[in-house]
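Protein chains in written order, with this note's numbering: chain A, 78 to 256; chain B, 78 to 256. Backbone N, C-alpha and C fix where the C-beta goes; we use that ideal spot for every residue, glycine too.
There are 2 protein chains.
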Amino acid sequence: MDAPHSERTLSRETVFSGQIIRVEHHQVELENGNTALRECCVHPGGSAVLAVWGGRVLLVRQFRYVVNKELLEIPAGKLKSGEDPKEAALRELREETGAFCEEAVLLGTIYPSPGILSERDYLYFARVSGEGRAEPDPDEFVSSVLLTKEELFKRIHNGEICDSKTICAVFLARGKGLL
Amino acid sequence: MDAPHSERTLSRETVFSGQIIRVEHHQVELENGNTALRECCVHPGGSAVLAVWGGRVLLVRQFRYVVNKELLEIPAGKLKSGEDPKEAALRELREETGAFCEEAVLLGTIYPSPGILSERDYLYFARVSGEGRAEPDPDEFVSSVLLTKEELFKRIHNGEICDSKTICAVFLARGKGLL
């Protein structure tokens, strides 16, 4: 295989700081010695969990304002500073659905949009062991949806489920024989 | 099923305009009548193609500065204003690898990070029909990599392939019996 590709940072500047993301402009040196600007959306990263409850998969339905659509997704959320990704996944599951799990296994990590967004998501698999009261964030309105494995696959393949982390988690869980 | 969730725009403001993305802050009315701020990274959207060439899958290896890592992905790129997503996918394939295809079928569309990013990606499947000269953008350094189906699955499941659109495209192609 050829040598790995790489780029070297020459300078960096924060050009926007928002509630969730920060935008940085970096001048980089390319492989041929030229320079280029790289626009970087810096994101805290996220965690999500594919949770199985009594033979069905637990999803959440919520309005995603940024894409102007209600989506069906596995429970997920942004990482808080210093938070362990597994704890974050189980916290989001509990807050959004009320379900709790004793343990979770890492399915893998993914980059949702590596051309512009630094976000890295940790994807877990878990089996629900009990149920409490959902406690979503004050600006979060979510409904739990339980789907059989067959319904889940059908909705991915007919396009009803179009959230990329959800599709990735299902594929990874299937590859590990967990689904 | 309960009524769909939704949020209503009260006002919007562009707070950052960059080379690729624009950030908008929207005040929205929530379901309970309260208001909240939604930070929206507005992205032009993208297209990508899972291309098969002589029984193997054609990927590209490139350094992704924003995540500080070299990734293995299906050929992809941002949509140009007014561009047809299928044309964009085949253009990116040609530019990045030199391969060209007569036709492509839509596998599906995905939202990579619907909590913050408006990006929607169109995923295609195609069979390579010929080869010309790669013509990547001046700031783009990519290497073509051909993998058998077995190698592709292995690298997804062992974490070497961690780009979400690539994983989604493989899963969707498999569900349609194309891979």
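Using a beta-carbon distance below 8 Å, is residue i in contact with chain B?
i	result
Ala165(A)	no
Ile151(A)	no
Ser190(A)	yes
Lys242(A)	yes
Phe298(A)	No information on residue 298(A) is available, as it lies outside the stretch 78 to 256 that chain A covers here.
Leu136(A)	no
Leu107(A)	yes
Leu269(A)	Here chain A covers residues 78 to 256 and nothing more, so residue 269(A) does not appear.
Which residues in chain B have a C-beta closer than 7 Å to the C-beta of residue i? List them in chain order.
i	result
Ala113(A)	Asp216
Tell me the DSSP bridge mates of residue i?
i	result
Gln139(B)	Leu148(B), Val219(B)
Gly269(B)	Any property of residue 269(B) remains undetermined from this structure, which presents chain B solely from 78 to 256.
Thr186(B)	Tyr199(B)
Lys53(B)	The requested residue 53(B) does not occur in the structure, where chain B is confined to residues 78 to 256.
Gln85(B)	Before going on, a small fix: residue 85(B) reads as Arg here, not Gln. Glu106(B), per the DSSP bridge assignment.
Val134(A)	Val129(A), Leu224(A)
Under the three-state reduction of DSSP, which class applies to residue i: helix, strand or coil?
i	result
Ser206(A)	coil
Ile98(A)	coil
Arg197(B)	coil
Ala128(A)	strand
Ala80(A)	coil
Glu172(A)	helix
Glu164(A)	helix
Ala181(A)	strand
Glu212(A)	coil
Counting only Cβ pairs nearer than 8 Å, list the residues of chain A close to residue i.
i	result
Ser83(B)	Phe140, Glu147
Arg264(B)	As shown, chain B starts at 78 and ends at 256. That puts residue 264(B) outside it, with no answer to give.
Gly252(B)	Phe230, Ile233, His234
What does residue i reach in chain B if we use C-beta pairs closer than 9 Å?
i	result
Thr186(A)	Gly236, Cys239
Which chain A residues are close to residue i, counting only those with a beta carbon under 7 Å from its beta carbon?
i	result
Gln96(B)	Leu114, Glu116
So with CB distances below 8 Å, who are the chain B contacts of residue i?
i	result
Phe93(A)	Val92, Phe93, Gly95, Val100
Would you say residue i lies against chain A (beta-carbon separation less than 8 Å)?
i	result
Leu127(B)	no
Leu223(B)	no
Cys178(B)	no
Completely contained alpha helix (DSSP H) runs for the region 220-255 of chain A, where each covers 4 or more residues: Counting only runs of 4 or more residues that sit fully inside the region 220-255 of chain A, the alpha helix (DSSP H) segments are 226-234, 241-252, in chain order.
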